[in-house]
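Trainee: Chains as they are written, first to last, in the UniProt record's numbering: chain A, 1 to 299; chain B, 1 to 257; chain C, 1 to 314.
Beta carbons: idealized from backbone N, C-alpha and C, even for Gly.
In this text the structure is predicted, and so the values were computed from the model without any measurement.
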Amino acid sequence: MLTVWAILIDGFIYASWLFLVAAGLTVIYGVMRILNMAHGSLYALGAYAAASALGWYYSGGGENLVMAFAIIAASAILIGALTGLAIERGILRLMYGRDEILMLLITFAVLLILEDVMKLIWGTTPYFAYQPYAALGRINIDVLTVSRYDLLVLVVSVVIGVGLWFWLERTKIGKILRSIIHDREVSEAMGVNVRRMFTITFMIGATLGALAGGITAPIISVVPGLGIEVIVLAFAVVVTGGLGSITGAAVGAVIVGLARATSIHTMPELELFIIYAVMAGVLIFRPHGLFGQVIARKI
Amino acid sequence: MTEILKTVGLSRYFGAVTAAEDINVTITEGEIVGVIGANGAGKTTFINMVTGYLPPSSGTIEFGGKPIKGLGPRKLMRKGLTRSFQIPQLFLELPVIDNLAIALAAADHQQFQMIRPVHTKDRLEAAEEILAQMNIAQYRNEMVTAMPQGARKLLDIAIAMLGSPRMLLLDEPTSGVSVEEKYTLMDTVMEAVRQRGLTVLFVEHDMEIVQRYVTRVLAFASGIVIKDGPVDEVLADEKVQELVTGKPKTAKTEGGA
Amino acid sequence: MILEKSEISLIGAAVAIALASLVVPNWLVFTATLAISTALVVMGVVMLMRAGLVSFGQGLFYCLGGYAVGLGGRYLGITDALLLIVLGVAVTVGVAMILGLLVTRYREIFFAMLSLAFSMILYGLLVKSHGLGSTDGFGVVDWTILGFSPGSGESSSRTALLLALGLALGIALFLNRYFRSSLGLACEAIRENEVRVEYMGVSRKQVLYINYVIAAAVGSIGGSMTALAAGHVDPTMAYWTISGEFVFIAILGGTGHVAAPFIAALIFTLVRTYAIELAPNAWQMILGIVLLLIILFLPKGIWSLFTRKKGVAS
Numbered sequence: 001m002l003t004v005w006a007i008l009i010d011g012f013i014y015a016s017w018l019f020l021v022a023a024g025l026t027v028i029y030g031v032m033r034i035l036n037m038a039h040g041s042l043y044a045l046g047a048y049a050a051a052s053a054l055g056w057y058y059s060g061g062g063e064n065l066v067m068a069f070a071i072i073a074a075s076a077i078l079i080g081a082l083t084g085l086a087i088e089r090g091i092l093r094l095m096y097g098r099d100e101i102l103m104l105l106i107t108f109a110v111l112l113i114l115e116d117v118m119k120l121i122w123g124t125t126p127y128f129a130y131q132p133y134a135a136l137g138r139i140n141i142d143v144l145t146v147s148r149y150d151l152l153v154l155v156v157s158v159v160i161g162v163g164l165w166f167w168l169e170r171t172k173i174g175k176i177l178r179s180i181i182h183d184r185e186v187s188e189a190m191g192v193n194v195r196r197m198f199t200i201t202f203m204i205g206a207t208l209g210a211l212a213g214g215i216t217a218p219i220i221s222v223v224p225g226l227g228i229e230v231i232v233l234a235f236a237v238v239v240t241g242g243l244g245s246i247t248g249a250a251v252g253a254v255i256v257g258l259a260r261a262t263s264i265h266t267m268p269e270l271e272l273f274i275i276y277a278v279m280a281g282v283l284i285f286r287p288h289g290l291f292g293q294v295i296a297r298k299i
Numbered sequence: 001m002t003e004i005l006k007t008v009g010l011s012r013y014f015g016a017v018t019a020a021e022d023i024n025v026t027i028t029e030g031e032i033v034g035v036i037g038a039n040g041a042g043k044t045t046f047i048n049m050v051t052g053y054l055p056p057s058s059g060t061i062e063f064g065g066k067p068i069k070g071l072g073p074r075k076l077m078r079k080g081l082t083r084s085f086q087i088p089q090l091f092l093e094l095p096v097i098d099n100l101a102i103a104l105a106a107a108d109h110q111q112f113q114m115i116r117p118v119h120t121k122d123r124l125e126a127a128e129e130i131l132a133q134m135n136i137a138q139y140r141n142e143m144v145t146a147m148p149q150g151a152r153k154l155l156d157i158a159i160a161m162l163g164s165p166r167m168l169l170l171d172e173p174t175s176g177v178s179v180e181e182k183y184t185l186m187d188t189v190m191e192a193v194r195q196r197g198l199t200v201l202f203v204e205h206d207m208e209i210v211q212r213y214v215t216r217v218l219a220f221a222s223g224i225v226i227k228d229g230p231v232d233e234v235l236a237d238e239k240v241q242e243l244v245t246g247k248p249k250t251a252k253t254e255g256g257a
Numbered sequence: 001m002i003l004e005k006s007e008i009s010l011i012g013a014a015v016a017i018a019l020a021s022l023v024v025p026n027w028l029v030f031t032a033t034l035a036i037s038t039a040l041v042v043m044g045v046v047m048l049m050r051a052g053l054v055s056f057g058q059g060l061f062y063c064l065g066g067y068a069v070g071l072g073g074r075y076l077g078i079t080d081a082l083l084l085i086v087l088g089v090a091v092t093v094g095v096a097m098i099l100g101l102l103v104t105r106y107r108e109i110f111f112a113m114l115s116l117a118f119s120m121i122l123y124g125l126l127v128k129s130h131g132l133g134s135t136d137g138f139g140v141v142d143w144t145i146l147g148f149s150p151g152s153g154e155s156s157s158r159t160a161l162l163l164a165l166g167l168a169l170g171i172a173l174f175l176n177r178y179f180r181s182s183l184g185l186a187c188e189a190i191r192e193n194e195v196r197v198e199y200m201g202v203s204r205k206q207v208l209y210i211n212y213v214i215a216a217a218v219g220s221i222g223g224s225m226t227a228l229a230a231g232h233v234d235p236t237m238a239y240w241t242i243s244g245e246f247v248f249i250a251i252l253g254g255t256g257h258v259a260a261p262f263i264a265a266l267i268f269t270l271v272r273t274y275a276i277e278l279a280p281n282a283w284q285m286i287l288g289i290v291l292l293l294i295i296l297f298l299p300k301g302i303w304s305l306f307t308r309k310k311g312v313a314s
């Protein structure tokens, strides 16, 4: 029984983190039909930015927790939005209308470049920003000890999920974006400035990635290669849930999160295996993921 | 005369929309049958069901006396039922000769041969023959992207004719082709059809083309066949004029092809 | 059998490299062996690209080939290099025949991501296998070839090069014909227009399946050769960034000719040797920039990678 609780708690905490990481990826794909391989690098950039900013704040004697969270959010959002803008305006803009697979290769090139840019800026020694994590401490749920910071991640994740849903379903811009998702050509014909929407979408997707990194920074050691590990997890989540679907990303995150937690508590050696096995298993029965759309070809 | 294609009660619904309903058509070997109807009348749905691209909601289809419902395009081609496309379906970034070579290799059941070159002497000769017959031999080494629309249509039909089919479905062979070109194109196609003794089912919007090249016509409206008979009789029908051709028939153009 | 011009050139190039190996320094012999082995894996990526598929998981087969060599020597007592390579191919073909059933249903990014996921599954398993050295991997046994020991040091490197060269030549000659065969052209036809392929009476799935399995087998041989030459295997062989490098080399070389991956792999391996020494933190940036430059400024070039074929039968 204890294990079941542990699996559920760990699973949902992990799922909330997965959702944070995957949300930006799926938003960008949904609107732009670009599977952004550099999403992991944005995550890493956010983590580095937050870790440096926190390091600067704490070394200056700061100890206000709310301030620390504001710093995390501000630094991650700033770097995510700016990098996103630079990538979209500088590179992707030149390539719109090309094959999806070519766009994938382009974002792969961006990933390679960003990886080394980060090494050049931050070097190869790890960065730590554990203070907010430590300051929040732990609470006991029954006999299990859970970090308050992890619970905070869960809350943030839910807030971001609901926020995204509200943005897409209830705002004017969201309505426009949904029309692009539904049929780009028709929206364009109806006067939607698709390019501007692409810029906005990519910046938001990139910011979400960086924000996920920033929020994660206090939990991990920020090292080179961070983004490369994260991106494949994010892929697994969005492919399981169905590329381009926010609901899919949420459901995919929960499934993958629970599967991984089950594995860690019962068969730890299968941890990585299980994530991809879940994904492959879903794809066998639902070739486009749980909430993916099949686009029929016209002849 | 043996019957080659027979549909009984063929229907297709998309949700609440009726795309085709209760289509009963029998075509005998060697007939050239036109299919007319306004956009959305069910012509393409009918063709797509017959060629296995779209599964029917109900009804049966027989080809050569055997049921073919549920078979995909691949199996139907092997049974001798092929089609051309309204938008030519070609290998755009491959030379024309390669487009034909792979079709010929497939017709020989040699598509899994992995050592012998696809361009055997026999295939090159066969390709040249059909290129000459279709009047597109000058494009043999060009990429398909370099061909004008009319030539692409001809190549598309040429590919459909390889592999000795018994019946050919032509989906709007003259759409997208200029007025000056369309009769030349149709003459070329019909000559090739006659030489091979093919049965043809042929969707067309252009009533002049229909009148000139077709012996029998199926008129579609709102998913059902409203009239089936000899070309002059169908085109003279008031209901057909109202729902399909949209105007009273003008003076009869000079004799068929 | 009459040899064609392109085949004579391939044989000539192989002989020239074999002769050159007698005079060039040992590090270059070793580098060339790795480059040839890498090129074999890239060849598999190219085969898939010709069918319109980009695999970010070819490292799976590379790794299987490598680990088959390592494990065959360690647990089955096999020391003969050729037998170890055959073992690798057998295992890989078995795995590819199962995975192929699933992945051939996918195209574009779905194929790319699914192949990536499968290679990450293997990576995940190997990293957690403590008996196999986890992330450190383990050493490959001293191998023999047809009963002879390759010796040590320079003599060993040379034997490895000759072995790689012989295998690569055989594969290049085969693929040179394969690309112009019915099956090879059917792959390109699928890339161009799947609907038409199906209406020609050809099963897309079967064509892609066979092509996928052959590409896997070729990749496995590359992995086995790398293991034999380097004397060591580790899980990073299956990590997705390695597969990304294979994709990079495939794009660098292009899909027009069987020799292209070999030339690209040699350039890649040599540049990396220097870049890692001179600017260890800029190597990936160089790769990324070069990749972007190819895509941005050689649109014909990149397009030709996916679509072009050499003229009609030569």
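Where does the unbroken beta strand (DSSP E) through B/Pro230 begin, and where does it stop?
Mentor: Taken as a continuous stretch (DSSP letters only), the beta strand (DSSP E) holding B/Pro230 covers Ile224 to Pro230.
Trainee: Indicate whether C/Gly59 and C/Phe138 have their beta-carbon atoms separated by less than 8 Å.
Mentor: Going by C-beta atoms, C/Gly59 is not nearer than 8 Å to C/Phe138.
Trainee: Listed in chain order, which residues of the segment 133-149 of chain A have Cβ atoms closer than 9 Å to some Cβ of chain C?
Mentor: Listed in sequence order: no entries.
Trainee: Rounded to the nearest angstrom, what separates C/Leu76 and C/Cys63 at their Cα positions?
Mentor: Spanning the two alpha carbons is a distance of roughly 18 Å.
Trainee: If we cut at 8 Å on Cβ distances, does A/Ala53 have a partner in chain C?
Mentor: So, not an interface residue.
Trainee: Once DSSP output is grouped into helix, strand and coil, what is the label at C/Phe174?
Mentor: Here C/Phe174 sits in helix by DSSP.
Trainee: Can you find a C-beta in chain A that's less than 8 Å from the C-beta of C/Asn211?
Mentor: No, because no Cβ of chain A sits closer than 8 Å to the Cβ of C/Asn211.
Trainee: Considering only C-alpha positions, which residue in the set A/Phe198, A/Ala73 and A/His288 is nearest to A/Ala236?
Mentor: Comparing Cα-Cα distances from A/Ala236 to each of A/Phe198, A/Ala73 and A/His288, the minimum goes to A/His288.
Trainee: Go through the segment 192-222 of chain C residue by residue and report every complete run of the alpha helix (DSSP H) that reaches 4 residues or more, in order.
Mentor: You should have 194-199.
Trainee: Please go through the segment 26-56 of chain B and give each complete alpha helix (DSSP H) segment of 4 or more residues, from N-terminal end onward.
Mentor: The qualifying runs are 43-50.
Trainee: Please list, in chain order, the chain A residues whose beta carbon lies closer than 8 Å to that of C/Lys205.
Mentor: The contacting residues do not exist; C/Lys205 stays about 13 Å from chain A at best.
Trainee: At a Cβ threshold of 8 Å, is A/Phe19 touching chain C?
Mentor: No, its Cβ sits nowhere closer than 8 Å to a Cβ of chain C.
Trainee: Give the residues of chain B in contact with C/Glu188, contact being defined as C-beta atoms less than 9 Å apart.
Mentor: Under the 9 Å cutoff, chain B gives Phe91, Glu93, Leu94, Asp98 and Ile102.
Trainee: Any beta carbon of chain A sitting closer than 8 Å to that of C/Glu192?
Mentor: With 8 Å as the cut-off, C/Glu192 does not count as an interface residue toward chain A.
Trainee: Helix, strand or coil: how does DSSP classify A/Pro126 here?
Mentor: Note: A/Pro126 maps to coil in three-state DSSP.
Trainee: In chain order, what residues of the segment 97-109 of chain A put their CB closer than 8 Å to some CB of chain C?
Mentor: Those would be Asp99, Glu100, Ile101, Leu102, Leu104, Leu105, Ile106, Phe108 and Ala109, in chain order.
Trainee: Is there a Cβ from chain B that is less than 8 Å from the Cβ of C/Ala170?
Mentor: It should be noted that the sequence gives Gly, not Ala, for residue 170 of chain C. No, its Cβ sits nowhere closer than 8 Å to a Cβ of chain B.
Trainee: Short check: CB of A/Ala134 to CB of A/Ala50, under 8 Å?
Mentor: Not a contact, by the Cβ cut-off of 8 Å.
Trainee: Say yes only if the C-beta of B/His205 is nearer than 7 Å to one or more non-hydrogen atoms of the ligand FAD, and no if none qualify.
Mentor: Absence of the ligand FAD is noted for the structure shown, with no ligands found whatsoever.
Trainee: Helix, strand or coil: how does DSSP classify A/Tyr29 here?
Mentor: Helix.
Trainee: Taking only beta-carbon atoms, is C/Met47 less than 8 Å away from chain B?
Mentor: By this cut-off, C/Met47 is not an interface position.
Trainee: With DSSP collapsed to three states, give me the class of A/Asn193.
Mentor: If DSSP states are grouped into helix, strand and coil, A/Asn193 belongs with coil.
Trainee: With a cut-off of 8 Å on the beta carbons, I'd call A/Leu177 and A/Met197 a contact; round off their distance for me.
Mentor: The Cβ separation is near 6 Å, so the contact holds.
Trainee: Give me the chain B residues within the contact set of C/Ser181, using Cβ-Cβ distance strictly less than 7 Å, ordered along the chain.
Mentor: Those are Gln113, Met114, Ile115, Arg116, Pro117 and Val118, listed as they occur along chain B.
Trainee: When the cut-off is 8 Å and only beta carbons count, does A/Ala22 lie next to chain C?
Mentor: Chain C contact via Cβ: absent.
Trainee: Could you check what DSSP says for B/Lys66 in three-state terms: helix, strand or coil?
Mentor: Of the three classes helix, strand and coil, the one that applies to B/Lys66 here is strand, per DSSP.
Trainee: Assess, as a yes-or-no matter, whether the segment 150-161 of chain B is touched by the segment 72-92 of chain B under the definition of 3 or more beta carbon pairs within less than 8 Å.
Mentor: Yes, the segment 72-92 of chain B touches the segment 150-161 of chain B.
Trainee: Could you compute how far the alpha carbon of B/Gly70 sits from the alpha carbon of A/Thr240?
Mentor: Approximately 31 Å, taken between the alpha carbons.
Trainee: In this structure, how does DSSP classify C/Asp80 when only helix, strand and coil are distinguished?
Mentor: Correct three-state label for C/Asp80: strand.
Trainee: In its own chain, which residues sit with a C-beta less than 6 Å from the C-beta of A/Val27, not counting the 5 before and 5 after it?
Mentor: Within the same chain, A/Val27 has close Cβ partners Gly205.
Trainee: Alpha carbon to alpha carbon, how far is C/Ile295 from A/Leu243? Give it in angstroms, no decimals.
Mentor: Straight-line Cα distance between these residues: approximately 25 Å.
Trainee: Have a look at A/Val110, A/Ala109 and A/Leu105 and flag the residue whose alpha-carbon is nearest the alpha-carbon of C/Arg109.
Mentor: Correcting the residue type first, residue 109 of chain C is Ile in the shown sequence and not Arg. C/Ile109 has its Cα closest to that of A/Leu105, out of A/Val110, A/Ala109 and A/Leu105.
Trainee: According to the neighbour-count rule (16 or more other Cβ atoms, all chains shown, within 10 Å of its Cβ), is C/Ala16 buried or exposed?
Mentor: Result: exposed.
Trainee: Which value, in whole angstroms, describes the spacing of the CA atoms of B/Arg74 and C/Lys205?
Mentor: About 12 Å.
Trainee: Per DSSP, what are the beta-bridge partners of residue 329 of chain B in this structure?
Mentor: Here chain B has residues from 1 to 257 only, and residue 329 of chain B is not among them.
Trainee: For chain B, is any of its Cβ atoms less than 8 Å away from the one on C/Met97?
Mentor: Not an interface residue.
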